[in-house]
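Encoded as structure tokens, the structure appears first; notes follow it.
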Amino acid sequence: MKSYQVSPDGFYGKFGGAFVPDSLRLCVEDLQKRYLQIMNDPAFKSYYYEWLVKYVGRPTPLYLSEKLSRKYGCKIYLKREDLNHTGAHKINNALGQALLAQKLGKKRIIAETGAGQHGVAVATVCALLEMECKIFMGKTDIERQRVNVEKMKLLGAEIISVESGTQTLQEAVDEALNYWSSHYEDTFYLIGSAVGPHPYPDMVAKFQSVISEELEDQLLELEGRNYPDYLIACVGGGSNAAGTVYQYVDNENVKIVLAEAGGKGIGSGKSAATLHIGKEGLIHGYKTIVLQDEQGNVQDPYSISAGLDYPGIGPLHAHLADTGRASIVAVNDDEAIDAALELVRFDGIIPALESSHALGALPKMQFRPDDVVVLTLSGRGDKDIEVYLNHK
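For our numbering, add 511 to where a residue sits in the sequence shown, where the first one is 1.
Pasting the structure below:
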């Protein structure tokens, strides 16, 4: 049977790998040698899962939306990652990597963030574990995600404003990598998305795989089988999607649908629909699909969602798209907001703008009455209230 999982050298098909400058080579190679040894240790896994239960609040519910199900003519379940402590899936990975960093003897955690949910999760676990925390964040994102910025500060994190380029996630990653290269001895870089040089995409996917592990048990109880017909998730870097598909990626009975940010439209020049309009290239130490201009320079992405305006895509998702294993849907700003407001009316749930893109894929699909659809609601929409109110 064909496998879509990562190869021993860090590739998903032709995507992935570790293409890093000499200044980062020692950091990356040391982590490559040690991460699986730690993560596969039964004592570490047990400790990690104990904290997921008693601190994060897992397992998260698998909620059947009766109104969405009636409208779209199938069974639509929402995997409620928005109910995690800190309000998103991000804490699954933040907690896991922070515990791993402690095992490696690191004293300081650095991270990048766009929408701020990853930053809040990292600041939270650093407060819990008494570790120093620095968060790199683009100035643009600081301004549009003020609530999350204040949360991070309250939790004791130092916020480092990045004022180069578009002042968003791409530049925040660049600055975090630069800092890591010169502070490697006592610092761990906690990447929030399934991106970056190997082993990060695999490490993030493994920590997020708790999502699909729970789905197997929940679907077995609710539907009498442990797999759905469809999995739907939003993708930028794609950590929530990686966790959602992890246990199912090699099960061809499960159709995978990835929703990316169409912005103002994929032909508008203001989009982050990387898999639709990008080309193969290198970014942040790995090979993937990248938004590029005619000269091959990285092109600025755009999305109303701060967590999806990334010019690349996780290598797992690039591989799933390249092989046809996943269907890719571009959801523009207005479609995402309309889908979010529909969920608010139907179920009294305010989703994050990122999750709203997954919801926005539903009208673009055709389901059968007996289809079981699982859509990952990756985060809650507290941080996006102003956007929703302005849209109304």
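We put the CB at the ideal spot given by N, CA and C, even for glycine.
Beta-bridge partners of residue i, as assigned by DSSP
| i | result |
| --- | --- |
| K766 | Y741 |
| N595 | The partner list for N595 (beta bridge, DSSP) is empty, contrary to what the question assumes. |
| Y574 | L589 |
| V801 | K790 |
| T785 | Beta-bridge pairing links T785 to no other residue. |
| V809 | Q803 |
Close beta carbons around residue i, own chain, < 6 Å, minus the five adjacent residues each side
| i | result |
| --- | --- |
| A837 | I767, L769, L831 |
| M714 | Y546 |
| T799 | F526, G823, I824, P826, A829 |
| T651 | Q678, T679 |
| V636 | A605, L606, A609 |
| F686 | Note that residue 686 is Glu in the sequence shown, not Phe. Cβ within range, chain order: F647, V673. |
| E485 | The chain is shown from 512 up to 903; residue 485 falls before or after that span and cannot be answered. |
| L802 | T785, G789, Q810, P812, P822 |
| S867 | A847, A850, A851 |
| K875 | V840 |
| N737 | E727, L730, L731 |
| V760 | Y515 |
Distance cut-off 7 Å: residue i Cβ against heavy atoms of the ligand SAH
| i | result |
| --- | --- |
| Q729 | The ligand SAH is not part of this structure, which contains no ligands at all. |
Where residue i falls: helix, strand or coil (DSSP)
| i | result |
| --- | --- |
| V885 | strand |
| N604 | helix |
| L731 | helix |
| K790 | strand |
| M642 | coil |
| M550 | helix |
| M648 | strand |
| G521 | coil |
| G754 | helix |
| T635 | helix |
| I722 | helix |
| R619 | strand |
| E540 | helix |
| V715 | helix |
| A612 | helix |
| A772 | strand |
| G890 | strand |
| G527 | strand |
| V746 | coil |
| K567 | Lys is not the amino acid found at residue 567; the sequence shown has Val there. In the structure shown, V567 sits in a helix (DSSP, three-state: H, G or I). |
| V760 | coil |
Chain-order list of residues whose beta-carbon lies under 7 Å from that of residue i (same chain, five-residue window excluded)
| i | result |
| --- | --- |
| V631 | T597, N659, K662, M663 |
| K604 | Note that residue 604 is Asn in the sequence shown, not Lys. Within the same chain, N604 has close Cβ partners G703, V715, F718, Q719, S750. |
| R591 | T571, P572, Y574, L888 |
| V756 | S723, L742, I767 |
| I794 | V801, V809, P822, G823 |
| F656 | The question names Phe, but residue 656 in the sequence shown is Gln. Cβ neighbours of Q656 beyond the five flanking positions: A626, G627, A817, K894. |
Close beta carbons around residue i, own chain, < 8 Å, minus the five adjacent residues each side
| i | result |
| --- | --- |
| R619 | M642, E643, C644, K645, H694, D697, T698, F699 |
| G796 | A529, F530, V531, L535, V539, L688, G707, P708 |
| H600 | E592, Q719, I722, S750, N751, G754, T887, S889, G890 |
| K556 | M550 |
| Q758 | S720, S723, E724, L726, E727 |
| K781 | G774, K775, Y813 |
| P712 | V517, G521, Y523, G527, A705, V706, A753, Y797, G825, P826, L827 |
| L510 | As displayed, the chain neither begins before 512 nor continues past 903, which places residue 510 out of reach and without an answer. |
Proximity test, Cβ basis, 8 Å: residue i and chain B
| i | result |
| --- | --- |
| K618 | Given the protein chain composition of this structure (a single chain), no chain B is represented. |
What residue ranges within the region 831–864 form continuous alpha helix (DSSP H) runs of no fewer than 4 residues, ordered along the chain?
844–858
Report yes or no: do the region 534–546 and the region 849–869 share at least 3 C-beta pairs separated by less than 8 Å?
no
Check whether the region 768–787 and the region 743–750 touch, using three or more Cβ-Cβ pairs below 8 Å as the test.
yes
Output the residue ranges of the beta strand (DSSP E) runs that lie fully inside the region 648–705 and measure 3 residues or longer, sorted by chain position.
669–673, 698–700
Mind the definition here: the region 815–835 touches the region 719–727 only if three or more C-beta pairs lie below 8 Å; say whether that holds.
no
Under 8 Å, with one C-beta from each stretch per pair, do the region 882–899 and the region 625–639 reach the 3-pair mark?
yes
Within the chosen definition, does the region 874–890 reach the region 576–592 through at least 3 CB pairs nearer than 8 Å?
yes
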